Amino acid sequence: MTTRRHRRLTLTGSITGAVLVALDGTVLTVAQPTLQRDLHASFVQVQWTSTGYLIAVASLLVFAGRLGDRYGHQRLFALGILGFAATSAGIGLAPGIGWVIGLRVAQGICGALLQPATLGMLRATYPEDELGMPIALRTSAIGLSAAAGPVLGGALVAHLGWRAVFFLTVLPALVTGVLALVVRVPDGRGPAVHVSAIRLPTGGVPAAAPAPRRVPAAAAPDTSLAARLDLLGACLLAVALLCLVHTLVALPGSGWTAVTGAGAITAVAAFGAFLRQERRTASPLVPLGFLGSPPVAAALAVLLSASAALFGALFVGTYFLQDVLALDPLQSALRVLPLAVMMVLSAPAAAMLQRRHGARRMTVTAMTLLTLGILLLSLLDRTSATPAIGAAFLLLGAGFGTVMVTATAVIVHQASAEHAGVAGGLQQTAMNIGPTLGVALATMLMTLTAPTAAGKVPSAGGLHRTAEAFTSAMGSTLPALACIAALGALAAGALPHRTKTTGAPQSPTTPARDGQQPSTATTAAGSE
């Protein structure tokens, strides 16, 4: 099989996996009311069909990426997408809400295996100077699925019931998973060889390499499975992310209680213990040199702030369209359509423009567009016309679609092939925690600003029932979310001005061994 066909198959699998995960989330939102009625479930139980999935995904993404780095991204991708298909079919056949929640948690575990691999496969298959367009196509496909999901989900629920939305992803997931198992695509994880380690004598025949130096038994590294995979670090990070996500989800409804406070404290303590573990272990889950790299830290901060600002604004905007303007779900989806269209169009454009203008300039511009879109959304009221609404969502889509490409490209470029899965896991973690943070912040701000608008205190976590109260609270909540986007624009100042992907040879690397970190003297992206 030719290299070009290898790349096409890898790109197809990566896009399919990302689209199936994105589509699953959008169609579930449409199906939840019908699911609640059919299974006689409470509102809290239905919420856990989303919350359980989110907690499972967020807590395991980085460890799943590490597994992909060690055992192969294609193998983890096949396992994840086949498990995703099996759990989707199980949910479609579930007899009660308890089964749905349990299978959604299992589906979240499969999603955690799947998502980092979609980026890890691209990093391992494509040359560094050709990564921009595959990432852009993947982003465009996600935007397209976000646009099609509510419409497709609504049609399926209306004619076939809520179970049909889960059967929707089974067949394409099975086909993609079987192809990933049958067609072996080289993943580029073979160890690099020192050019300088091969000494040529005058006759042109390689000299014999010196005999390897024996390591005394007392100094031998711990080669156990726990040491090689840093299971302790994985558990600490999972606890930190689990407590963080659970606190963010519970905070809007219950406020600061003993439970949410304990969750926040546990998250901070577990993350501190995780950092200490990563400094001490010989084989860390997340190399601190990579995580502490200014471009990587800045790109993660940008993705976190952009996704928090966007999804917080979308949460408020959806209620505005339906509760204030009294639009039905289909009419609301049509008003939001410019966002998805611009995500589809801006992603490939961003990949081309980034080559000319660099990641820093493109990301700052994109975050500025995102900030302006949220501010324009905050100016809407009951008299706002469709063009003004469409313009706000158009700016949101153009900004977020560009950020997804530029910031993700920086993270993937900075990672060596040996750490591509961890890089993908970190990117996906930011993209899962950001929306949770944004929705939680938007809900709390809308609640806190309600008394001055309505003259009475609403129930905890409740959204406002009168159009005047909602519009007034929206006018103060959305500027706060715009400030988060503006902070992301400031963080983008630490991104590389130019991405060095000219294909220049990298400095020698040593083969990765258990207990050792592969060393690279140059990174794929750097600052001019």
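Residue numbers (the working numbering): 954 to 1481.
Glycine included, C-beta positions come from ideal geometry on N, C-alpha and C.
Remember, it's a predicted structure, so these values are computed and weren't measured experimentally.
Specify, as a first and last residue, the run of the alpha helix (DSSP H) that residue i falls within.
{"i": "E1421", "result": "A1420 to A1444"}
{"i": "T965", "result": "T956 to D991"}
{"i": "P1087", "result": "G1085 to L1113"}
{"i": "V1356", "result": "T1339 to Q1367"}
{"i": "W1052", "result": "I1050 to T1078"}
{"i": "V1482", "result": "No information on residue 1482 is available, as it lies outside the stretch 954 to 1481 that the chain covers here."}
{"i": "G1374", "result": "A1373 to L1401"}
{"i": "S1207", "result": "L1184 to S1207"}
{"i": "A1507", "result": "Past the edges of the chain, shown from 954 to 1481, lies residue 1507, and the structure says nothing about it."}
Is it buried or exposed, residue i, if we count other Cβ atoms within 10 angstroms and call 16 or more buried?
{"i": "I1218", "result": "exposed"}
{"i": "M1427", "result": "buried"}
{"i": "V997", "result": "exposed"}
{"i": "S1472", "result": "Interpretation of S1472 is limited by its pLDDT of 35, a score under 50 that renders its predicted location unreliable; the figure taken from the coordinates is listed afterwards. Per the 10 Å Cβ criterion, exposed."}
{"i": "A1038", "result": "buried"}
{"i": "H1372", "result": "buried"}
{"i": "G1408", "result": "With a pLDDT of only 46 at G1408, under the threshold of 50, the placement of this residue in the model should not be trusted, and no figure is reported."}
{"i": "S1258", "result": "buried"}
{"i": "R1232", "result": "exposed"}
{"i": "M1399", "result": "buried"}
{"i": "S1093", "result": "buried"}
{"i": "A1099", "result": "buried"}
{"i": "R961", "result": "exposed"}
{"i": "W1001", "result": "buried"}
{"i": "V1221", "result": "exposed"}
{"i": "D991", "result": "exposed"}
{"i": "V1118", "result": "buried"}
{"i": "L1390", "result": "buried"}
{"i": "H1026", "result": "buried"}
State the DSSP-derived secondary structure class of residue i, mapped to helix, strand or coil.
{"i": "A1235", "result": "coil"}
{"i": "G1311", "result": "coil"}
{"i": "R1028", "result": "helix"}
{"i": "D1276", "result": "helix"}
{"i": "H937", "result": "This structure cannot speak to residue 937, because the chain is shown only from 954 to 1481."}
{"i": "Y1006", "result": "helix"}
{"i": "P1159", "result": "Caution is warranted here: a pLDDT of 44 is assigned to P1159, below 50, making its placement in the model unreliable, and the coordinate value is therefore given only provisionally. Three-state result, P1159: coil."}
{"i": "G1143", "result": "Low confidence applies to G1143: its pLDDT is 43, below 50, so where it sits in the model is not reliable, and the reading given next is rough at best. G1143: coil per DSSP, three-state reduction."}
{"i": "P1240", "result": "coil"}
{"i": "A1457", "result": "Interpretation of A1457 is limited by its pLDDT of 36, a score under 50 that renders its predicted location unreliable; the figure taken from the coordinates is listed afterwards. If DSSP states are grouped into helix, strand and coil, A1457 belongs with coil."}
{"i": "R1335", "result": "coil"}
{"i": "L1046", "result": "coil"}
{"i": "G1245", "result": "coil"}
{"i": "T1210", "result": "coil"}
{"i": "A994", "result": "coil"}
{"i": "D1281", "result": "coil"}
Please determine, among the options, the residue with the shortest C-alpha to C-alpha distance to residue i.
{"i": "M1384", "options": "V1255, L1185 and A1100", "result": "V1255"}
{"i": "V989", "options": "G1114, F1268 and P1069", "result": "Looking at the sequence itself, residue 989 is Gln, so the reference to Val does not match. Measuring from the Cα of Q989, the nearest candidate turns out to be G1114."}
{"i": "L1348", "options": "A1362, A1360 and T1321", "result": "T1321"}
{"i": "A1286", "options": "T979, V1136 and L1134", "result": "T979"}
{"i": "F1030", "options": "L964, G1107 and D977", "result": "L964"}
{"i": "P1080", "options": "L981, A1193, I1044 and H959", "result": "H959"}
{"i": "I1044", "options": "I1034, L1035 and G1055", "result": "G1055"}
{"i": "R1019", "options": "A1133, L973, V1239 and V1010", "result": "V1239"}
{"i": "L1306", "options": "L1274, T1355 and A1293", "result": "T1355"}
{"i": "A1439", "options": "P1237, G1245, G1326 and T1389", "result": "G1326"}
{"i": "L1134", "options": "L1067, R1028, D1281 and C1196", "result": "R1028"}
{"i": "L1007", "options": "S967, G1186, D991 and C1063", "result": "C1063"}
{"i": "G1186", "options": "L1075, F1224, T1402 and Q1000", "result": "F1224"}
{"i": "S1012", "options": "V1198, L1280, I1342 and T1424", "result": "V1198"}
{"i": "R1335", "options": "P1237, V1363, L1280 and Q1380", "result": "L1280"}
{"i": "P1291", "options": "V1317, L1333, F1273 and P1340", "result": "P1340"}
{"i": "S1369", "options": "V1297, L1189 and V1249", "result": "V1249"}
{"i": "H1450", "options": "G1051, R1308, L1267 and L1241", "result": "R1308"}
Please report the Cβ distance between residue i and residue j, rounded to the nearest whole angstrom; I am assuming they are in contact, meaning their Cβ atoms lie under 8 Å.
{"i": "S1331", "j": "L1431", "result": "4 Å"}
{"i": "A1312", "j": "T1359", "result": "5 Å"}
{"i": "A1261", "j": "I1095", "result": "The Cβ separation is near 17 Å, so there is no contact."}
{"i": "I968", "j": "L1132", "result": "13 Å between Cβ atoms; not a contact."}
{"i": "T1071", "j": "A975", "result": "Between A975 and T1071 the Cβ distance is about 11 Å, and since that is not below 8 Å, they are no contact."}
{"i": "A1065", "j": "L981", "result": "Wrong, their Cβ atoms sit about 17 Å apart, outside the cutoff."}
{"i": "A1303", "j": "M1295", "result": "So it is not a contact: roughly 11 Å between Cβ atoms."}
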